[in-house]
Structure formats: C-alpha cells, structure tokens
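Participant: This is the structure I have questions about; it appears just below.
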Ligand SMILES: NC(=O)c1ccc[n+]([C@@H]2O[C@H](COP(=O)([O-])OP(=O)(O)OC[C@H]3O[C@@H](n4cnc5c(N)ncnc54)[C@H](OP(=O)(O)O)[C@@H]3O)[C@@H](O)[C@H]2O)c1
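In the numbering used here, the protein residues as written are 320 to 692.
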C-alpha cells in the first residue's frame with residue numbers, strides 16, 4: 320500500500336460539515352524490530368488518523384506481509400525514495416539508517432520521530448517527552464528526537480519534582496532489560512536461559528554490544544556495560560542519560576543547573592527497565608518536602624502510577640510493568656542524612672513508554688498542535 324500524492328495522504332475525510340479531520344500517511348522505519356512492532360500496535364490504538372501506512376525495514380524483510388488496521392501491508396526495503404508523500408516517519412532502525420535516510424525523508428516533506436540516538440543532541444532537534452516538554456515541538460525542523468528509554472522514564476518522574484521543589488543533583492543506577500538491545504538480545508537471553516537450566520554451553524553473540532570484541536552471557540548474570548565505552552570511562556548509554564536529561568529538564572545538554580551521573584547495568588530481564596534514582600531537591604528557605612509530599616505530587620502527575628505501599632509489599636516490577644504504557648514509581652524515601660534528598664525506584668516498559676508509546680504520543684501532539692504542515 321503506497322502513498323500516491325500528498326493530497327491523497329492528508330485528505331479530508333469528513334464531508335458532512337462536522338469538524339474536518341485529516342488522514343496522514345505514516346511510515347514505520349524498522350517495522351519488524353522490537354520497537355517497530357510496538358509502534359505498529361501503539362499506532363493502531365492511537366488518535367493518529369492513519370490514511371496510508373508504509374512498513375519499511377531491511378532487504379531481509381522485504382515482501383513479508385503484516386496485517387495492520389485490518390489491511391495486509393507488504394514490508395518494503397527502505398531507501399531514500401521511500402518517503403514520497405509521507406507525512407510522519409516513526410523511525411526505529413538504528414542510528415546508521417536514521418543518519419542516512421531521515422534527511423531524505425525531511426526533504427520529501429515528512430516529519431520524523433527518531434528512536435535512535437543519532438540526532439537527539441543536535442541543537443536544532445527537539446528531544447521530547449510529551450508529559451515534560453511538549454512545547455519544544457514548536458521548534459522542530461523536521462526531525463524530533465525520541466529520548467533514550469532509560470532517560471524517558473526518569474524524566475517523567477523527576478519533572479514534577481523539579482517544577483515543585485527544584486532538583487540540583489541526580490544519581491541514577493539502571494537495571495536494564497535485554498529488550499533494550501533489540502529483538503536479537505531477547506532471543507539470546509531466552510536461548511541462554513534454556514541452556515543454563517539444561518547445563519549446556521551458552522553462546523553469547525549480541526551482548527553487551529553487538530559489534531564489541533567480547534560477548535558475555537546475560538542469563539543469571541549482570542553486565543555493567545551498555546553500549547560502547549567512551550574514553551572518559553563512561554559507557555555511551557551512561558552519557559546519553561546525562562546529556563539527554565540535562566537537555567530535557569534544563570533545555571541545554573551542557574547545563575550545570577542539575578548535576579547528573581549514571582551507572583547503567585544490563586540485567587537478565589526480558590522487558591522493563593528498573594532504575595534506582597537518588598535526587599537532591601534545591602536549597603530553600605522553606606521546609607523540605609516529605610516523602611509523602613513527593614508521593615502525592617507524583618500521584619497527580621501525568622503518565623505516572625504510584626506503587627508505593629511497603630505494608631503491602633507494593634512496588635514497581637518489570638513483570639507487572641510489561642505491556643503497560645505508564646511509568647511506575649515506588650520506594651520513595653528520604654535520605655536519612657539529608658532531609659532534602661530522596662531515593663526512589665522507577666520501572667517502565669522500555670519498548671512502550673521508553674520507545675513506541677512516547678513516539679506515538681509525539682505524533683499525536685504534532686497533529687493536535689498542527690505542526691505537520
Ligand atoms: N529496544 C529498546 O528498548 C529501545 C528503546 C528506545 C530506543 N531504541 C532504539 O530504537 C532502534 C531500534 O531498536 P530495536 O530494539 O527495535 O532493534 P531491533 O529489534 O534490532 O530492530 C531493528 C529494526 O531495524 C531494521 N533495520 C535494520 N537495518 C536496516 C536497514 N539497513 N534499513 C532499514 N531497516 C533496517 C530491522 O529490519 P530487519 O528485520 O529487516 O533487519 C528492524 O526492523 C535503535 O536505534 C535503538 O537504539 C530501542
């Protein structure tokens with residue numbers, strides 16, 4: 320199913336005098352991947368009026384057929400010519416593909432929402448979590464960055480606290496699921512788990528990084544490396560969390576308004592990232608907030624579900640967050656030595672709020688704000 324003319328893709332469907340509504344031509348780039356398949360599901364449930372839908376992937380998947388929105392759609396190999404008359408591109412095919420193809424998509428008139436890290440820190444690319452900084456969309460030039468999965472769930476929980484009390488320091492340790500490294504890492508953890516239980520040899524080929532010199536099993540193990548190492552000793556994932564958090568919360572990736580540091584660890588969980596977040600609220604003449612103040616503030620904040628009742632052993636877990644689009648927060652408690660600092664535990668489905676849901680929310684917001692033309 321292909322988009323023919325822009326006028327057909329963004330056509331008016333209501334001819335009876337009610338409020339006019341457009342249909343949009345949407346392309347999903349990376350449609351067969353862990354994120355891409357969730358983008359299809361989220362798009363089907365969304366408010367985005369989809370006229371035509373293009374499913375794009377690599378040559379390997381070309382010709383495979385997917386049933387979406389009641390239509391059988393053949394997957395096409397993506398290239399620079401794939402975007403004629405496309406209004407919205409939801410991209411999740413990795414940084415190399417985004418670097419090569421998104422400029423062509425923008426030239427063809429599309430607005431691209433990119434899940435890779437390729438464009439996120441460019442000055443003219445808004446990096447958006449709709450609950451936090453949707454107004455940034457007004458500044459877009461065709462590419463919008465969907466932040467790193469671990470960053471998204473953390474800023475959803477921290478932004479209401481920053482607005483109410485100020486935040487001056489964040490120390491985060493992540494417990495990231497295999498699914499954050501794509502479908503092949505989920506398959507690898509599954510195979511390793513069976514092998515370990517059967518006392519067979521494990522054959523890691525994907526983790527900690529696909530192109531690294533060494534691979535280690537994740538099953539019944541912990542890997543304190545996500546993405547490649549930078550020369551400063553941090554991994555790229557840790558640096559993404561630091562710079563993206565500053566860009567989203569402070570408007571500048573190098574801001575010194577908030578101090579951020581991160582340690583990112585891959586854990587043998589299929590889907591759902593956990594984060595232990597320590598934060599210091601700003602100095603103030605006022606009385607410091609209590610853990611209950613923070614809890615009640617987050618309970619009323621968009622996109623957050625509080626699961627925090629130690630008398631019932633209620634706290635967020637990856638297994639209960641999987642398949643849900645919200646960010647779950649619990650274990651909120653004050654630092655015993657600093658009344659202005661707190662610990663909390665955050666979990667979200669990295670493939671949904673950490674990727675597909677956030678991207679589709681951005682598309683909905685672009686439509687609501689008439690920012691696609
Ligand atoms: N997984 C997460 O939690 C998560 C969260 C946030 C952001 N992201 C980012 O989203 C992107 C995709 O991640 P993923 O986890 O979905 O990976 P994945 O499961 O490995 O899927 C990769 C997708 O990219 C497609 N692709 C690969 N090479 C291509 C090419 N040359 N041209 C066109 N399509 C190509 C693949 O198509 P074939 O099947 O045809 O090879 C597949 O659809 C990455 O940039 C990742 O960093 C992932």
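C-beta atoms are modelled at their ideal positions from N, C-alpha and C, and glycine is treated no differently.
Does the beta carbon of residue 377 fall short of 7 Å from some heavy atom of ligand 1?
Facilitator: Because some heavy atom of ligand 1 lies under 7 Å away, the Cβ of residue 377 counts as near it: yes.
Participant: In the DSSP assignment, find the unbroken beta strand (DSSP E) run with residue 654 in it and report its ends.
Facilitator: Its beta strand (DSSP E) spans residues 646-654.
Participant: Have a look at residue 542 and residue 588 and give me their C-alpha separation to the nearest angstrom.
Facilitator: Answer to the nearest angstrom: the Cα atoms are 12 Å apart.
Participant: On the DSSP bridge list, what partners appear for residue 664?
Facilitator: DSSP, once it has assigned bridges, lists 595, 649 as partnering residue 664.
Participant: In chain order, what residues of the same chain have a beta carbon less than 8 Å from the beta carbon of residue 321, not counting five sequence neighbours either side?
Facilitator: Annotation note: pLDDT 46 at residue 321 (below 50); position unreliable, no value reported.
Participant: Taking all protein chains shown into account, decide if residue 450 is buried (16 or more other Cβ within 10 angstroms of its Cβ) or exposed.
Facilitator: So residue 450 ends up on the buried side.
Participant: Which parts of the stretch 441-498 are runs of the alpha helix (DSSP H), unbroken and 4 residues or longer, counting only runs that do not cross its ends?
Facilitator: If we require 4 residues or more, the alpha helix (DSSP H) runs fully inside the stretch 441-498 come out as 449-452, 468-484.
Participant: Check whether the Cβ of residue 348 lies closer than 7 Å to any heavy atom of ligand 2, and answer yes or no.
Facilitator: The ligand content of the structure shown is limited to ligand 1, which means ligand 2 is not among them.
Participant: Counting C-beta neighbours from all protein chains within 10 Å, is the total for residue 446 16 or more, i.e. buried, or is it exposed?
Facilitator: Result: buried.
Participant: Nearest by alpha-carbon distance to residue 676: which of 622, 419, 655 is it?
Facilitator: Nearest option by C-alpha distance: 622.
Participant: Going by the beta-carbon positions, is the gap between residue 525 and residue 503 smaller than 8 Å?
Facilitator: Yes. Within cutoff.
Participant: Take residue 324 and list the residues in its own chain whose beta-carbon comes closer than 8 Å to its own, dropping the five residues that flank it on each side.
Facilitator: With a pLDDT of only 46 at residue 324, under the threshold of 50, the placement of this residue in the model should not be trusted, and no figure is reported.
Participant: Taking the straight line between their C-alpha atoms, what separation do you get for residue 326 and residue 653?
Facilitator: Legend: pLDDT at residue 326 = 38, less than 50; position of this residue unreliable, value from coordinates given subsequently. If you take the alpha carbons of residue 326 and residue 653, they lie about 57 Å apart.
Participant: Which value, in whole angstroms, describes the spacing of the CA atoms of residue 615 and residue 471?
Facilitator: Cα-Cα distance, rounded: 21 Å.
Participant: According to DSSP, is residue 356 helix, strand or coil?
Facilitator: In the structure shown, residue 356 sits in a helix (DSSP, three-state: H, G or I).
Participant: Do you know how far the Cα of residue 594 is from the Cα of residue 410?
Facilitator: Approximately 26 Å, taken between the alpha carbons.
Participant: Grab the span of the beta strand (DSSP E) containing residue 371 for me, first residue to last.
Facilitator: Here the beta strand (DSSP E) through residue 371 covers 369-376.
Participant: Assuming residue 684 and residue 453 are in contact, meaning their beta carbons sit under 8 Å apart, how far apart are those beta carbons, in whole angstroms?
Facilitator: Going by Cβ atoms, the distance from residue 684 to residue 453 rounds to 5 Å, so yes, they are a contact pair.
Participant: Rounded to whole angstroms, what is the Cα-Cα separation between residue 551 and residue 598?
Facilitator: Cα to Cα, the separation comes out at about 23 Å.
Participant: Does the count of Cβ pairs from the stretch 577-584 and the stretch 604-614 closer than 8 Å reach three?
Facilitator: They do not touch, by the three-pair rule.
Participant: By a C-beta neighbour count over all protein chains shown, 10 Å radius and 16 as the cutoff for buried, is residue 570 buried or exposed?
Facilitator: That one is exposed.
Participant: Is residue 502 helix, strand or coil by DSSP?
Facilitator: Three-state DSSP puts residue 502 in a helix.
Participant: Hey, quick one: how far does the alpha helix (DSSP H) through residue 430 stretch, first residue to last?
Facilitator: Here residue 430 belongs to no alpha helix (DSSP H); instead the beta strand (DSSP E) covers 430-433.
Participant: CB-CB under 8 Å to residue 627, same chain, minus the five flanking residues each way: which ones, in chain order?
Facilitator: 614, 633, 634, 648, 649, 650, 651.
Participant: Which residue from 412, 463, 456, 455 puts its Cα closest to that of residue 431?
Facilitator: The shortest Cα separation from residue 431 among 412, 463, 456, 455 belongs to 463.
Participant: Do residue 523 and residue 507 count as a contact pair if the criterion is CB distance below 8 Å?
Facilitator: Contact flag set, yes.
Participant: According to DSSP, is residue 563 part of a helix, a strand, or is it coil?
Facilitator: Correct three-state label for residue 563: helix.
Participant: Quick one: measure Cβ to Cβ for residue 489 and residue 564, integer angstroms, because I've assumed they're closer than 8 Å.
Facilitator: Yes, they are in contact, since the Cβ atoms of residue 489 and residue 564 sit about 7 Å apart, within 8 Å.
Participant: Locate the alpha helix (DSSP H) running through residue 418, then write down its first and last residues.
Facilitator: That run of the alpha helix (DSSP H) goes 414-426.
Participant: For the alpha helix (DSSP H) that contains residue 350, what are its first and last residues?
Facilitator: Counting along the chain, residue 350 falls outside any alpha helix (DSSP H), and DSSP gives it neither H nor E.
Participant: Using beta-carbon positions only, say whether residue 395 and residue 375 come within less than 8 Å of one another.
Facilitator: Cβ distance < 8 Å, so residue 395 and residue 375 count as in contact.
Participant: Can the beta-carbon of residue 476 be found closer than 8 Å to that of residue 358?
Facilitator: No, Cβ-Cβ distance for residue 476 and residue 358 is not below 8 Å.
Participant: Do residue 399 and residue 429 have their CB atoms nearer than 8 Å?
Facilitator: No, the Cβ-Cβ distance between residue 399 and residue 429 is not below 8 Å.
Participant: How far does the beta strand (DSSP E) with residue 580 in it extend, from its first residue to its last?
Facilitator: Here the beta strand (DSSP E) through residue 580 covers 578-585.
Participant: With C-beta atoms as the reference, is residue 681 less than 8 Å away from residue 467?
Facilitator: No.
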